[in-house]
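Chains as they are written, first to last, in numbering that gives the first Met the number 0: chain V, 0 to 449; chain D, 0 to 123. Think of the CB as a built atom: it goes at the ideal place given N, C-alpha and C, for glycine as much as any other residue. Report on the structure given below.
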Amino acid sequence: MTVRIANAAGFWGDYTDATERLLASGAEFEYLQLEYLAEVTMGILNRLRDRDPEKGYATDFVEYVIAEHLADLVDREVRIVTNAGGLNPPSCAARVREHAAEQGVDVTVATVTGDDITDQLDRLHARHGLEPFEDNTRYEDVADDVVTAAAYLGAFPVAAALDSGADVVITGRVVDPALALGPLIHEYKWGQEQYDRLAAGIVAGHLIECGTQVTGGNSTREWEAIEYDDVGYPIVAVESDGEIQLTKPDGTGGEVSRATVAQQLVYEIGNPQAYLTPDVAADFTAPEITEVGGDTVAITGCEGKTPPDSYKVSVHFENGYRVAGNMLYSRPDALAKAKRAASVIETRIEDRGLTVWDTRAEFVGHNAAHGPAAPTRDNHNEVLLRFAARGPEREDLRRLGTEFAPLSLAGPPSVTGLTDSGRPRPRPIIDVWPTLVPKSVIDPEVSVDE
Amino acid sequence: MSDDEDGSGVSPKQAVRVDEIAYGRSGDKANTVNIGIIAESDAAYRRLERQLTADRVANLFGELIDGSVTRYQLPNLPGFNFVASEALDGGGQFSLRYDSQGKTYAAAVLRLELPPESDEDRNV
Numbered sequence: 000m001t002v003r004i005a006n007a008a009g010f011w012g013d014y015t016d017a018t019e020r021l022l023a024s025g026a027e028f029e030y031l032q033l034e035y036l037a038e039v040t041m042g043i044l045n046r047l048r049d050r051d052p053e054k055g056y057a058t059d060f061v062e063y064v065i066a067e068h069l070a071d072l073v074d075r076e077v078r079i080v081t082n083a084g085g086l087n088p089p090s091c092a093a094r095v096r097e098h099a100a101e102q103g104v105d106v107t108v109a110t111v112t113g114d115d116i117t118d119q120l121d122r123l124h125a126r127h128g129l130e131p132f133e134d135n136t137r138y139e140d141v142a143d144d145v146v147t148a149a150a151y152l153g154a155f156p157v158a159a160a161l162d163s164g165a166d167v168v169i170t171g172r173v174v175d176p177a178l179a180l181g182p183l184i185h186e187y188k189w190g191q192e193q194y195d196r197l198a199a200g201i202v203a204g205h206l207i208e209c210g211t212q213v214t215g216g217n218s219t220r221e222w223e224a225i226e227y228d229d230v231g232y233p234i235v236a237v238e239s240d241g242e243i244q245l246t247k248p249d250g251t252g253g254e255v256s257r258a259t260v261a262q263q264l265v266y267e268i269g270n271p272q273a274y275l276t277p278d279v280a281a282d283f284t285a286p287e288i289t290e291v292g293g294d295t296v297a298i299t300g301c302e303g304k305t306p307p308d309s310y311k312v313s314v315h316f317e318n319g320y321r322v323a324g325n326m327l328y329s330r331p332d333a334l335a336k337a338k339r340a341a342s343v344i345e346t347r348i349e350d351r352g353l354t355v356w357d358t359r360a361e362f363v364g365h366n367a368a369h370g371p372a373a374p375t376r377d378n379h380n381e382v383l384l385r386f387a388a389r390g391p392e393r394e395d396l397r398r399l400g401t402e403f404a405p406l407s408l409a410g411p412p413s414v415t416g417l418t419d420s421g422r423p424r425p426r427p428i429i430d431v432w433p434t435l436v437p438k439s440v441i442d443p444e445v446s447v448d449e
Numbered sequence: 000m001s002d003d004e005d006g007s008g009v010s011p012k013q014a015v016r017v018d019e020i021a022y023g024r025s026g027d028k029a030n031t032v033n034i035g036i037i038a039e040s041d042a043a044y045r046r047l048e049r050q051l052t053a054d055r056v057a058n059l060f061g062e063l064i065d066g067s068v069t070r071y072q073l074p075n076l077p078g079f080n081f082v083a084s085e086a087l088d089g090g091g092q093f094s095l096r097y098d099s100q101g102k103t104y105a106a107a108v109l110r111l112e113l114p115p116e117s118d119e120d121r122n123v
């Protein structure tokens, strides 16, 4: 027996026809996994839920997966596992049930919740003392501005939902690889202390959670040779002993090789010997990656150790406002012109007495990506000035946003681009404060349709 | 020992740009950036181990990294993971940088030029 798990979303913003393409490819799999929640996504979801309490989930899932393909997926006996629930899994599940009824499809929907601990933060801090994870910011510094806080749950609640017969499992915040480990625990009845097996599930999930980034997308190795049209979404086949094969549907673009898999293994990790999840500390220095031909790679020898006794929590809090605007300057002397324009904006901020915490002028085409790590050149054909600022007052940054357009008449010559930018508006910054909470204070909740 | 050949056709006695013997990818977690660099061969891995130090990576980025750089080894790939703290002007949402998630940092490391090594450098 082999369990095959396909991914059709690496983040909220991925191709909206990914599921359609995956189904059209004829590839076979038992589970479809869709990942939507980046750190920055939680802030966006919060804004959406503020405007409408029925929102706060990743609508792409309902719109482009459920509405269009639920009947087909059920017909193929594919079970769906997703973190599209975001800040509001019950509401996401309700939409799925509505679509199922409309399509005349009989499905069991489950939610995994208990990750949202926003209302408990103060009490948890009083009792356990929430410590910063990264820098020296204290809980007291962010407490008044908290908008939402979510613990990264593990895979066992996901497995429990599947054990109860769910066809669609909708979670809030779980560690991304739990969307693959959950089905594997369900299928193979892996125990809580089978750490090498659990680590294999984490590795499999980690490799596919960013979709096409493991099948050729974003690979820096010989990128010119990669076919970027219709890059295939990844499918992992995992054996009960933890052996993994990763592939993509036949006839699709992209590439599955040692190089594409190795790059994804090291993506967004810290200490590779202890990739921490609630279920296992996976050792990413253990797996061997071998090409077995036909855009298929084997990953073997996964190892894991006892997990930490805490959950990671992302506390999202309001932290002022940010505005950014652009102006395009052409040759000759494009960089010098853009620099002069930036200094005019700086002077104007001072003259108008606008309150800002920081400003930053970047010169796209020169140093925006690599700053001092990029070689210094002059003689650019063109340079895009990108000027950004943050500060405590929305109104001051709104005024700062009006400082770009006038430069087209009052500043250095050969400038253009107003149709794109005009008057950029400030947006609230939803910042993140990572911390840890003891496992004992979190109660993951699995709710399955009767 | 014929380590001169380096397995990648680049002699340690010649300067080499990292992307001639390695490839990689970078990403973020809050205000931390990680840069994974994977060697094309065991010889390339050994050279990177000697020359692509945490200090060299930290120096490359200068003011972009406020914190420190830690280098972890993944001999199974073989490769390295560089973890840079306080490296994104506050991270994803707070950052004023265009590349607020450090997505292009790996490309900067891959363009680094490593100087030629003497036999002594290599303990030959």
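query	result
Per-residue DSSP class, three states only, for I64 of chain D	coil
Cβ pair V17 of chain D, L111 of chain D closer than 8 Å	yes
Cross-strand partners of E287 of chain V (DSSP beta bridge)	V:T299
Contact belief for R122 of chain V with A150 of chain V at Cβ below 8 Å, rounded distance in angstroms	About 14 Å; that fails the 8 Å criterion.
Chain V contact residues for Y44 of chain D, given Cβ-Cβ distances below 8 Å	Ordered by position in chain V, no residue passes the 8 Å Cβ test against Y44 of chain D, which lies about 12 Å from the chain.
Residue nearest to N30 of chain D in terms of C-alpha spacing, selected from D:N122, D:V82, D:A105, D:G23	D:V82
CA-to-CA distance, A154 of chain V to L264 of chain V, given in whole angstroms	19 Å
L47 of chain D beta carbon less than 8 Å from that of F79 of chain D	yes
Interface flag, G370 of chain V vs chain D, CB-CB below 8 Å	yes
Alpha helix (DSSP H) segment containing Y227 of chain V, residue limits	Taken as a continuous stretch (DSSP letters only), Y227 of chain V belongs to no alpha helix (DSSP H), as it is neither H nor E.
DSSP-derived helix/strand/coil call for P11 of chain D	coil
Check whether I441 of chain V and I116 of chain V have beta carbons under 8 Å apart	yes
Cut-off 6 Å between Cβ atoms - residues of its own chain near D114 of chain V, not counting five sequence neighbours on either side	A149, A150, L152, G171, R172
Under 7 Å by beta carbon: chain V residues contacting L74 of chain D	Here residue 74 of chain D is Pro; the residue named in the question, Leu, does not match the sequence. Ordered by position in chain V, the residues that pass the 7 Å Cβ test against P74 of chain D are T284.
Coil, strand or helix - T434 of chain V by DSSP	strand
Chain-ordered chain D contacts of Q262 of chain V [CB-CB under 8 Å]	Y22, G23, R24, G35, I37
Cα-Cα separation between V95 of chain V and E317 of chain V, rounded to whole angstroms	31 Å
CB contact below 8 Å: L271 of chain V versus chain D	Before going further, note that residue 271 of chain V is Pro rather than Leu in the sequence given. By this cut-off, P271 of chain V is an interface position.
Backbone CA spacing between G23 of chain D and K102 of chain D [nearest angstrom]	11 Å
Interface flag, P131 of chain V vs chain D, CB-CB below 8 Å	no
Anticipated Cβ contact below 8 Å, V111 of chain V with V157 of chain V, distance rounded	6 Å
For A409 of chain V and R422 of chain V, believed in contact at Cβ under 8 Å, the rounded distance	With 8 Å as the limit, R422 of chain V and A409 of chain V do not qualify as a contact, their Cβ atoms being about 15 Å apart.
A106 of chain D: contacting residues in chain V (beta-carbon distance under 8 Å)	T219, A368, H369
Q100 of chain D burial status per 10 Å Cβ neighbour count (16 or more: buried)	buried
Cβ distance (whole Å) where V2 of chain V is taken to contact L183 of chain V below 8 Å	6 Å
Nearest neighbour of L44 of chain V, chosen from V:P437, V:V146, V:F132 [CA to CA]	V:V146
Residues that N6 of chain V bridges to, as DSSP identifies them	V:Q32
Residue-level contact to chain V via CB, E19 of chain D, 8 Å cutoff	no
N- and C-terminal bounds of the beta strand (DSSP E) containing K336 of chain V	Unbroken run through K336 of chain V is the alpha helix (DSSP H), 333 to 351; no beta strand (DSSP E).
Residues that T375 of chain V bridges to, as DSSP identifies them	Answer is none; T375 of chain V lacks a bridge partner.
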